[in-house]
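Engineer: In order, the protein sequence lines correspond to chains A and B.
184 is the number that the numbering used here gives to position 187 of the first sequence; each next residue is one higher, with no gaps.
223 is the number that the numbering used here gives to position 226 of the second sequence; each next residue is one higher, with no gaps.
I am attaching a structure below and will ask some questions about it afterwards.
Protein chains: 2
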Amino acid sequence: MKLATIQQGARTTAAIQVATGYLPLAARDLNELLAAPDWKAQAENALREHQDSMVLPAHEVTVLNPVPRPAKVICCGLNYSDHILEMGRDLPQYPTLFAKYADTLANPDDEITSTASQAVDWEAELAVVIGQQVSQATETDALHAIAGYTVANDVSMRDWQRRTLQWFQGKAFDRTTPLGPVLVTADEIDPAAGVQVTCRVNGEVVQSGNTSTLVFSAARLVSYISEFTTLRPGDIVLTGTPGGVGMGMEPPRFLSDGDQMETEIPGIGTLRNTFRLRVGSTAHTR
Amino acid sequence: MKLATIQQGARTTAAIQVATGYLPLAARDLNELLAAPDWKAQAENALREHQDSMVLPAHEVTVLNPVPRPAKVICCGLNYSDHILEMGRDLPQYPTLFAKYADTLANPDDEITSTASQAVDWEAELAVVIGQQVSQATETDALHAIAGYTVANDVSMRDWQRRTLQWFQGKAFDRTTPLGPVLVTADEIDPAAGVQVTCRVNGEVVQSGNTSTLVFSAARLVSYISEFTTLRPGDIVLTGTPGGVGMGMEPPRFLSDGDQMETEIPGIGTLRNTFRLRVGSTAHTR
Chain A
-2 MKLATIQQGA
8 RTTAAIQVAT
18 GYLPLAARDL
28 NELLAAPDWK
38 AQAENALREH
48 QDSMVLPAHE
58 VTVLNPVPRP
68 AKVICCGLNY
78 SDHILEMGRD
88 LPQYPTLFAK
98 YADTLANPDD
108 EITSTASQAV
118 DWEAELAVVI
128 GQQVSQATET
138 DALHAIAGYT
148 VANDVSMRDW
158 QRRTLQWFQG
168 KAFDRTTPLG
178 PVLVTADEID
188 PAAGVQVTCR
198 VNGEVVQSGN
208 TSTLVFSAAR
218 LVSYISEFTT
228 LRPGDIVLTG
238 TPGGVGMGME
248 PPRFLSDGDQ
258 METEIPGIGT
268 LRNTFRLRVG
278 STAHTR
Chain B
-2 MKLATIQQGA
8 RTTAAIQVAT
18 GYLPLAARDL
28 NELLAAPDWK
38 AQAENALREH
48 QDSMVLPAHE
58 VTVLNPVPRP
68 AKVICCGLNY
78 SDHILEMGRD
88 LPQYPTLFAK
98 YADTLANPDD
108 EITSTASQAV
118 DWEAELAVVI
128 GQQVSQATET
138 DALHAIAGYT
148 VANDVSMRDW
158 QRRTLQWFQG
168 KAFDRTTPLG
178 PVLVTADEID
188 PAAGVQVTCR
198 VNGEVVQSGN
208 TSTLVFSAAR
218 LVSYISEFTT
228 LRPGDIVLTG
238 TPGGVGMGME
248 PPRFLSDGDQ
258 METEIPGIGT
268 LRNTFRLRVG
278 STAHTR
C-alpha cells in the first residue's frame, strides 16, 4: 500500500493512494493512523471495501508530509559505503547520528526558504517510518517495527552546520526537510535489496546512490537507535545520503534562488521543491 | 512563584509550591499550564484565592519532572568561560548545540540506570523553560519568552558520545537527564546576575560554576536558537555545564553503581539521583 496525508479544502486526512486518486481514511494524518496497533488491517479493510465514489481525484487534493508529527526524527550521516570508500575513508564502526524535530519537516512540494544561510545543500535520503514501538530490539524485531519507507531531503545549511563541531544547528531549520510524497508499506519495498536514491537540481542529476550499499541498513539503524531510546509509531529515521552533495564539489555549489530540487526514489515518488533565498528579509537579520 | 508537576496517588497535576506544601492546579502538568497564554495570571489567581485546606502536604506527594512533554530539548555545550579559559581554549563565536527528546528526561529523584555504558558522567546545568512561542527573537524578546528556570543534569554516556563526531547518541539515552524539582518563574531569579550550579557525587563537590560566566546567556541562547527553529511553551534549553566533569579528571572518573548524585541551584532546589549500573542486564546486550 501507498499511504499519504492529504488536504482537501480545510480538511486533512490520512489516505490510501489508489490508481484513480486518494481514498480518505478516518485518521487525520499517518501519525494518528500508525498510532492504532491494527493500522495495517484498518487500511487494508478500507481498501477492500471502498467504493469508487469515495476516491478523491488527485487534482482535487494537496499531498502533505505524510507523517507531520513525529516525536523523533533521528538521522544517520556517512552511511553510503561507495561514497565513503571513494573518499578514501574507512567504513565506520558505529552510525553517526544526529537529531531533527517535527518542525524541521516540510511538505513534498513546499518551497524551501533560507533566510539565514547562503550555503544551502541537498541530501537525498531514504526515510524509515516506524510502525510499532521498539526498544532494545534485535535487527529482526527492528525490521518488523518498520511501517514503511518514504523519501526525504535532509537540506543542510553548511555554514551553520560548520559553525561548531555539532551539526545540529545546520540541520534543524524549520520547514527545510521535505518528506513524502507517500509512505510505501514495508511489504512492497526492500531497501536491503536496493532502491535507487536520486537528487536532481534543475534537471541535472547530482546524486544517485543505491541503498544496497548502506553501511548500516534500515533495520540495523532502528535496532542500534533502540538500544538507547524508544522509537514509536510515526517516528522517522533518515538513512544517510549518497555522494554528490554540493559541499563536495570543486568549487562547492549551493542552492540558488529559484533552483528546482527533485528527490526521487522509484516506487515511492518524487519530492519537488523550489528553493528561495531570502537572506536579510527577516526583521531579526536585517 | 515555584511551579511543579506533582503526583498524588494516580493523579498528576501542575502545582504551586507554597510554604506548607503544594497547591494543585487544574492543568495536568506544566506543559499543559504553560500552553495557556495567561498561565501566569492563572497561577497567580490560584495562589491569591486558595484556602489552606487545598494545599497538599509535601510528604503526601511525589515531585515529578516539571515539564515532561517538551517538543524540543536543545542543549548548549562549552558555555562556561572560566572553564573554557582554564583549558586554554578561545571563547567560542557560536554556541555548540545538540538535541535531546522528551524521553531523555527523568524525574528529580529518579534512579538513573545505565544498561549500555560504563562511562557515565555528570553535567550539572541551569535549564531554561520557554513560556511563550518565540521565533526570530531579539535577546530582549527572548528574555520575555522565558517562563523560568529549573535544574538539570545532562548525564552523558562518554563512550557512546565519542563513538562518532556527533555527541547525540551519548546524550539521548531514555530517562537519563533529571529535571526539576521546580520551575522558578523568571521574575524571581536572574541567571545573568549569577546563580551557582553545583554537582556533588557521594557528598563531594565535583562541579561548581556560576551562570554569570556563561559565554552565551540564557536570553542569548534562546534568541540564537530562535533564528532557525520556533520554540514553544514548555520547550527546554540547557545552558551548558561548568568545569569538573569526570571525563576531565586524571584518571577519568565515571559513576559507579550506587553513587549518589546531587545537582543543586540555590533558590531552585536539588536533584537527588542514585546511579545504577546494569550493563549486560538487558536481553539485547546479553
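Beta carbons are placed, not taken as given, at the ideal position from N, Cα and C, and that holds for glycine.
As the structure is a computational prediction, the values presented were derived from the model and not from experiment.
Given that D171 of chain B touches chain A, what residues does it touch there, using C-beta distances under 9 Å?
Structural biologist: In the second sequence, the residue the question calls residue 171 of chain B occupies position 174. Residues of chain A passing the Cβ test: S132, F225, T226 and T227.
Engineer: Check the Cβ of R160 of chain B against every Cβ in chain A and list those closer than 8 Å, keeping chain order.
Structural biologist: Within the second sequence, residue 160 of chain B is the residue found at index 163, counting from 1. By Cβ distance, chain A contributes Q90 and Y91.
Engineer: Could I get the ranges of all uninterrupted alpha helix (DSSP H) runs contained in the stretch 55 to 114 of chain A, with 4 residues as the minimum, in chain order?
Structural biologist: Here the runs fully enclosed are 78 to 83.
Engineer: Any C-beta of chain A sitting closer than 8 Å to the C-beta of A68 of chain B?
Structural biologist: In the second sequence, the residue the question calls residue 68 of chain B occupies position 71. Chain A contact via Cβ: present.
Engineer: Is T227 of chain B helix, strand or coil by DSSP?
Structural biologist: Stepping through the second sequence from its first residue, residue 227 of chain B is reached at position 230. Reduced to three states, the DSSP call for T227 of chain B is coil.
Engineer: Inspect the CB distances between the stretch 179 to 190 of chain B and the stretch 240 to 255 of chain B and report whether three or more fall short of 8 Å.
Structural biologist: Segments in contact, no.
Engineer: Check whether the Cβ atoms of L94 of chain A and F165 of chain B lie closer than 8 Å to each other.
Structural biologist: Walking along the first sequence from the start, residue 94 of chain A turns up at place 97. Walking along the second sequence from the start, residue 165 of chain B turns up at place 168. Cβ atoms of L94 of chain A and F165 of chain B: closer than 8 Å.
Engineer: Of all the CB atoms in chain B, is at least one closer than 8 Å to the CB of W119 of chain A?
Structural biologist: In the first sequence, counting from the first residue as 1, residue 119 of chain A sits at position 122. W119 of chain A does not count as touching chain B.
Engineer: Of the residues B:M(-2), B:P67 and B:L211, which one's Cα is nearest the Cα of Q193 of chain B?
Structural biologist: Residue mapping note: residue 193 of chain B aligns to position 196 of the second sequence, counting from 1. The option with the nearest alpha carbon to Q193 of chain B is B:L211.
Engineer: Chain A beta carbons: is any one of them nearer than 8 Å to that of I82 of chain B?
Structural biologist: In the second sequence, residue 82 of chain B corresponds to position 85, counting from 1. The question names Ile, but residue 82 of chain B is Leu in the sequence shown. No, because no Cβ of chain A sits closer than 8 Å to the Cβ of L82 of chain B.
Engineer: Measuring only between beta-carbons, confirm whether F95 of chain B sits less than 8 Å from chain A.
Structural biologist: For the purposes of this step, residue 95 of chain B is taken as residue 98 along the second sequence, with counting starting at 1. F95 of chain B counts as touching chain A.
Engineer: Alpha carbon to alpha carbon, what distance is there between A116 of chain A and F251 of chain A?
Structural biologist: By one-based count along the first sequence, residue 251 of chain A stands at place 254. By one-based count along the first sequence, residue 116 of chain A stands at place 119. Taking the straight line from one Cα to the other gives about 5 Å.
Engineer: For the stretch 130 to 182 of chain B, list the alpha helix (DSSP H) runs that are entirely contained and at least 4 residues long, ordered along the chain.
Structural biologist: Complete alpha helix (DSSP H) runs here, min 4: 136 to 141, 155 to 158 and 165 to 168.
Engineer: What separation, rounded to the nearest whole angstrom, lies between the Cα atoms of P67 of chain A and G128 of chain A?
Structural biologist: In the first sequence, residue 67 of chain A corresponds to position 70, counting from 1. In the first sequence, residue 128 of chain A corresponds to position 131, counting from 1. Taking the straight line from one Cα to the other gives about 12 Å.
Engineer: Counting only runs of 4+ residues fully inside the stretch 211 to 259 of chain A, write out the alpha helix (DSSP H) ranges in chain order.
Structural biologist: Entirely contained in the stretch 211 to 259 of chain A, the alpha helix (DSSP H) runs reaching 4 residues are, in chain order, 215 to 223.
Engineer: Would you mind telling me which residues of chain B sit closer than 8 Å to G115 of chain A, beta carbon to beta carbon, in chain order?
Structural biologist: As a position in the first sequence, residue 115 of chain A is number 118, starting the count at 1. Residue identity differs from the one stated: residue 115 of chain A is Gln in this sequence, not Gly. Those within 8 Å of Q115 of chain A in chain B number zero; the least Cβ separation is about 14 Å.
Engineer: Buried or exposed: which applies to H80 of chain B, given that a residue is buried once 16 or more other Cβ atoms fall within 10 Å of its Cβ?
Structural biologist: By one-based count along the second sequence, residue 80 of chain B stands at place 83. By the neighbour-count rule (16 or more Cβ atoms within 10 Å), H80 of chain B is buried.
Engineer: Does any C-beta atom of chain B lie closer than 8 Å to the C-beta of F213 of chain A?
Structural biologist: Here residue 213 of chain A is taken as the residue at index 216 of the first sequence, counted from 1. Cβ-Cβ to chain B under 8 Å: no for F213 of chain A.
Engineer: By the three-class DSSP mapping on this structure, what secondary structure does P42 of chain A have?
Structural biologist: The residue given as residue 42 of chain A occupies position 45 in the first sequence. The sequence given here places Asn at residue 42 of chain A; Pro does not occur at that position. Of the three classes helix, strand and coil, the one that applies to N42 of chain A here is helix, per DSSP.
Engineer: Go ahead and pull the three-state DSSP assignment for N207 of chain A.
Structural biologist: Within the first sequence, residue 207 of chain A is the residue found at index 210, counting from 1. Strand.
Engineer: Anything in chain A within Cβ reach of Q166 of chain B, meaning under 7 Å, just list it in chain order.
Structural biologist: Counting from 1 along the second sequence, the entry for residue 166 of chain B is found at position 169. Simply L94 and F225.
Engineer: Using a cut-off of 8 Å between C-beta atoms, extract the partners of Y98 of chain B located in chain A.
Structural biologist: If you number the second sequence from 1, residue 98 of chain B lands on position 101. Per Cβ cutoff of 8 Å: A68, K69, A96 and T226.
Engineer: So Q39 of chain A contacts chain B; which residues on that side make the cut at Cβ distance below 9 Å?
Structural biologist: Counting from one through the first sequence, the residue named residue 39 of chain A turns up at place 42. Result: empty, since nearest Cβ-Cβ is about 27 Å, beyond 9 Å.
Engineer: For E185 of chain B, which of helix, strand or coil comes out of DSSP?
Structural biologist: As a position in the second sequence, residue 185 of chain B is number 188, starting the count at 1. E185 of chain B falls in the helix class under three-state DSSP.
Engineer: With a threshold of 8 Å between beta carbons, is A280 of chain A in contact with chain B?
Structural biologist: Numbered from its first residue, the first sequence carries residue 280 of chain A at position 283. Unreliable positioning characterises A280 of chain A in this predicted model, as indicated by a pLDDT of 46, which lies under 50. A coordinate reading is not provided.
Engineer: At a CB-CB cut-off below 9 Å, which residues of chain C make contact with Q129 of chain B?
Structural biologist: Here chain C cannot be found, since the structure's protein chains are A and B.
Engineer: At a Cβ threshold of 8 Å, is W36 of chain A touching chain B?
Structural biologist: Counted from its first residue, the first sequence places residue 36 of chain A at position 39. Chain B contact via Cβ: absent.
Engineer: Would you say Q193 of chain B lies against chain A (beta-carbon separation less than 8 Å)?
Structural biologist: Counting from one through the second sequence, the residue named residue 193 of chain B turns up at place 196. Answer no: the Cβ-Cβ gap between Q193 of chain B and chain A never drops below 8 Å.
Engineer: Would the stretch 58 to 75 of chain A and the stretch 91 to 110 of chain A be scored as touching if the rule is three or more Cβ pairs under 8 Å?
Structural biologist: Taking 8 Å as the limit for Cβ pairs, the verdict is that the stretch 91 to 110 of chain A does touch the stretch 58 to 75 of chain A.
Engineer: Does any heavy atom of the ligand ZN sit closer than 7 Å to the C-beta of P67 of chain B?
Structural biologist: Of the ligands one can find in the structure shown there are none, so the ligand ZN has no counterpart to examine.
Engineer: CB V60 of chain B to CB P105 of chain B, shorter than 8 Å?
Structural biologist: The residue labelled residue 60 of chain B in the question sits at position 63 within the second sequence. The residue labelled residue 105 of chain B in the question sits at position 108 within the second sequence. A contact, by the Cβ cut-off of 8 Å.
Engineer: Does chain A have any CB closer than 8 Å to the CB of Q4 of chain B?
Structural biologist: The residue given as residue 4 of chain B occupies position 7 in the second sequence. It does not: the Cβ of Q4 of chain B has no partner Cβ on chain A nearer than 8 Å.
Engineer: Should G241 of chain B be labelled buried (16 or more other beta-carbon atoms within 10 Å of its own) or exposed?
Structural biologist: Residue 241 of chain B sits at position 244 when you count from the first residue of the second sequence. With 16 or more Cβ atoms within 10 Å of its Cβ, G241 of chain B is classed as buried.
Engineer: How about A144 of chain A and L268 of chain A: are their beta carbons less than 8 Å apart?
Structural biologist: Residue mapping note: residue 144 of chain A aligns to position 147 of the first sequence, counting from 1. Residue mapping note: residue 268 of chain A aligns to position 271 of the first sequence, counting from 1. For A144 of chain A and L268 of chain A, no; Cβs fall outside 8 Å.
Engineer: So, does the CB of Q48 of chain B fall closer than 8 Å to a CB anywhere in chain A?
Structural biologist: If you number the second sequence from 1, residue 48 of chain B lands on position 51. No, Q48 of chain B lies away from the interface with chain A (no Cβ there is under 8 Å from its Cβ).
Engineer: In this structure, how does DSSP classify L268 of chain A when only helix, strand and coil are distinguished?
Structural biologist: The count along the first sequence starts at 1 and reaches residue 268 of chain A at position 271. Correct three-state label for L268 of chain A: strand.
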